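See below for the structure under consideration.
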Amino acid sequence: MIIPVFFSIDDKYAPYLSVALCSLIQNASEKNTYKIIILYRKGMLSSENMGNIISDIPTHFIIEFIDMDDRIETITDRMENRLRCDYFTPTIFYRLFIPAMFPEYKKAIYLDSDIVVLGDISDLFQINIDNYLLGACNDYFAGEMLENYLNKFVGVEKEEYFNSGILLMNLEKLRKLNLDEHFLHLYNTYHFECLAPDQDYLNAMCKGNTLLLSQSWNTMPHSDYDRNAEENMTGINIVHYFLFFKPWNHYAIQFEKLFWFYLKQTPYYDMVKSMHQDNVENAIKSEKVALETIMSQAEIVVNNNVTFKKIFESGTERRI
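Following numbering that gives the first Met the number 0, the numbering of the sequence shown begins with 0 at its first residue and continues without gaps.
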């Protein structure tokens with residue numbers, strides 16, 4: 000069985016993709032062939048990082064790099080579509096073009112690179128989503144912090160709002176419904192002031208057509224965990240160091256030992272370790288401001304005249 004797995008990165012995230020791949024490979028069954036497709040933009044991923052990523056790959060893994068330049072010409076750096084309200088990264092949108100770009104696949108997995116994979120990724124691939132557009136896990140952080148924004152702006156309940164960092168994609172259905180064209184139409188017509196651009200678009204467009212998966216496939220660290228307790232990995236398939244929960248930016252993040260364990264097996268350990276202290280100092284200063292910005296922006300945009308909820312409920316636009 001061929002398992003297509005997509006990532007999207009730039010040079011900044013190459014070390015973390017290396018960690019993700021190392022963990023994925025070590026926990027994958029040798030009975031399958033894993034096709035790793037890395038989406039990038041010309042000039043934003045060096046040949047050195049490409050070489051590091053493909054080093055020591057076992058024979059049942061194939062890695063291919065795909066330049067996305069011709070797919071993002073209409074996506075520009077507008078304030079309302081900056082990730083976490085502080086910087087723009089076009090890589091977050093690449094997953095929306097996968098169905099159209101890869102007609103040879105009926106189904107695929109998309110993974111963010113800030114993860115460690117503890118289970119066999121083929122088990123995720125084999126979950127049946129024939130009657131859905133996507134399989135994904137609930138984003139409980141957003142539900143806890145941004146319930147009003149989810150209800151009034153995105154137009155979904157917190158229990159159904161999913162995190163787009165780990166996706167099981169029904170490419171055949173998404174292709175028939177022209178996901179990429181529908182997204183670009185909405186993006187260029189309405190300029191929604193999103194807090195989580197690709198994630199909010201997917202939640203709004205795919206409402207009612209997403210299978211919520213076991214949280215084991217997208218386990219997110221908690222800020223209030225007991226640092227003295229032994230962490231139980233039983234039943235966890237993927238740890239996702241989402242939003243501000245990055246081990247390379249902090250000294251005490253839940254499940255951080257997993258990250259450093261796999262990082263030591265990559266060419267990037269010394270570099271990341273040497274930058275760790277500076278990263279922590281910068282994160283302390285910037286993340287508090289970024290979180291305050293997110294929360295204040297959430298209270299403002301719910302009163303906008305243009306929201307996902309308003310345009311879909313008015314019948315002006317359709318979901319896919």
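Ideal placement from N, C-alpha and C gives every residue a C-beta, glycine not left out.
Values in this document were obtained by computation on a predicted structure and should not be read as measured data.
The beta strand (DSSP E) spanning Pro3 covers which residue range? 1-7
Using the C-alpha atoms, what's the distance from Glu156 back to Asn208? 14 Å
What's the gap between the Cα of Leu201 and the Cα of Asn302? 21 Å
Count the other CB atoms within 10 Å of the CB of Ala360; is the residue buried (16 or more) or exposed (fewer)? One cannot answer for residue 360 here, as it falls past the ends of the chain, which runs 0 to 319.
In the DSSP assignment, find the unbroken alpha helix (DSSP H) run with His184 in it and report its ends. 178-189
Any chance the region 235-245 sits against the region 214-224, with 3 or more Cβ pairs inside 8 Å? yes
For Ile128, which residues in the same chain have their Cβ closer than 7 Å to its Cβ, ignoring the five residues on either side in sequence? Gly134, Leu167, Asn169, Leu210
According to the neighbour-count rule (16 or more other Cβ atoms, all chains shown, within 10 Å of its Cβ), is Lys106 buried or exposed? buried
Give the DSSP-derived three-state secondary structure of Cys84 in the structure shown. Residue confidence is low: Cys84 scores 42 on pLDDT, short of 50, so the model does not pin down where it sits. No coordinate-derived value is stated.
In the structure shown, what three-state DSSP assignment does Thr218 receive? strand
Neighbourhood of Tyr160 by C-beta distance below 8 Å, restricted to the same chain and skipping five residues each side: Asn137, Asp138, Ala141, Gly142, Leu149, Val153, Asn202
For Tyr39, report the span of its beta strand (DSSP E) as first-last. 32-39
Nearest CA to the CA of Pro57: which residue from Ile37, Ile65, Ala27? Ala27
With 16 other Cβ atoms within 10 Å as the buried cut-off, status of Ser112: buried
Return helix, strand or coil for Ala251, following the three-state DSSP convention. coil
Tell me, which residues are paired with Ile61 by DSSP? Lys34
Proximity below 8 Å, CB of Ile293 to CB of Leu194: yes
Taking 8 Å as the cut-off, decide whether the C-beta atoms of Leu16 and Ile8 are in contact. yes
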